[in-house]
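Okay, structure first, notes after.
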Amino acid sequence: IGIIYKTMTAGGEGEACNQIQAWVGHRLDDQLALVEGAFPWWEFLMMLKSSHCFVLPTGGEGWGCPPAQALACGLPVIVTDCQGPGEVMRDDNGKPFPGVCFVPCKMEPTPVHHEYYEGGQWCAADIADIKKAMREVYENYDHWKEQALIGSQMVREQRSGLVMARFLTTGGSDTSKAGFIASHSALRTALSCSTM
1 IGIIYKTMTA GGEGEACNQI QAWVGHRLDD QLALVEGAFP WWEFLMMLKS SHCFVLPTGG
61 EGWGCPPAQA LACGLPVIVT DCQGPGEVMR DDNGKPFPGV CFVPCKMEPT PVHHEYYEGG
121 QWCAADIADI KKAMREVYEN YDHWKEQALI GSQMVREQRS GLVMARFLTT GGSDTSKAGF
181 IASHSALRTA LSCSTM
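The structure is reproduced here in structure tokens:
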């Protein structure tokens, strides 16, 4: 099992990677890749295509584009049931897209020390719930992969920027879908997974 830990932080360069390395020590050196900073789109796409599962135990996520991109690429997705992902990764009836496993969370004061988050609330998932979800996908991978391929088609049909733009330009009054337009270029990138 390999883990890629991708982070962007307001801290100093290497701070997050050094902290993670201190937590795990060197016992996982051959299984753990620590990446800090932004990825070029093509590198992100290559990472998605080479993965078996996408896990995002986020504490706060606006729209939730990375989980939608991962599902569009046919990956099982484990994500915190909060904010953007909690809405975007569900069908129009409120059911999670096939291949999506939501991890429950609760609101608590943010642990991030940055002026943007001062006094804010954060969605906190229990590590045991994340581990349980990862174990479930790992032990039943064929099922989750099959479901993710179904979910891939659904997220492409229901959450692409073009679909949402068409909805709004034809007089749609549900402004909660307006945020989906912002994801057009990112989701278009994910849709290119099918051509790779």
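In full-length UniProt numbering, the protein residues as written are 1 to 196.
Note that the Cβ used here is the ideal one computed from N, Cα and C, for glycine as well.
Compare the C-alpha of Val55 against each of Phe167, Val155 and Asp129 and name the closest. Nearest Cα to Val55 within the set Phe167, Val155 and Asp129: Asp129.
Inside the region 63–141 only - alpha helix (DSSP H) runs reaching at least 4 residues: 65–72, 83–88 and 127–139
So, at 6 Å on beta carbons, what are the nonlocal neighbours of Gly74 in its own chain, with the 5 sequence-adjacent residues on each side left out? Within the same chain, Ala148, Leu149 and Ser152 come within 6 Å of Gly74 by CB-CB distance, once the 5 residues on both sides are set aside.
Which of the three DSSP states, helix, strand or coil, is assigned to Lys167? In the sequence as presented, Lys is not what sits at residue 167; that position holds Phe. Of the three classes helix, strand and coil, the one that applies to Phe167 here is helix, per DSSP.
Would DSSP call Glu157 helix, strand or coil? Glu157 falls in the helix class under three-state DSSP.
Note down the Cα distance separating Glu118 from Gly64, rounded to an integer number of angstroms. 22 Å
Using a Cβ cut-off of 8 Å (strictly closer), state whether Thr58 contacts chain D. The structure shown contains no chain D; it is built from a single protein chain.
Measure the C-alpha to C-alpha separation of Leu48 and Val155 and round it to an integer number of angstroms. 16 Å
For Lys106 and Asp92, what's the separation of their Cα atoms in angstroms? 24 Å
In three-state terms, what does DSSP make of Phe54? strand
So what does DSSP say about Ala38, is it helix, strand or coil? Under the three-state reduction of DSSP, Ala38 is assigned to coil, being neither helix nor strand.
So, under 8 Å CB-CB, Cys53 and Val137 are touching, yes? Tell me the CB distance rounded to an integer number of Å. 5 Å
What is the DSSP secondary structure of Glu43, reduced to helix, strand or coil? Glu43: helix per DSSP, three-state reduction.
Which of helix, strand or coil does DSSP assign to Glu61? coil
Cut-off 6 Å between Cβ atoms - residues of its own chain near Val112, not counting five sequence neighbours on either side: none
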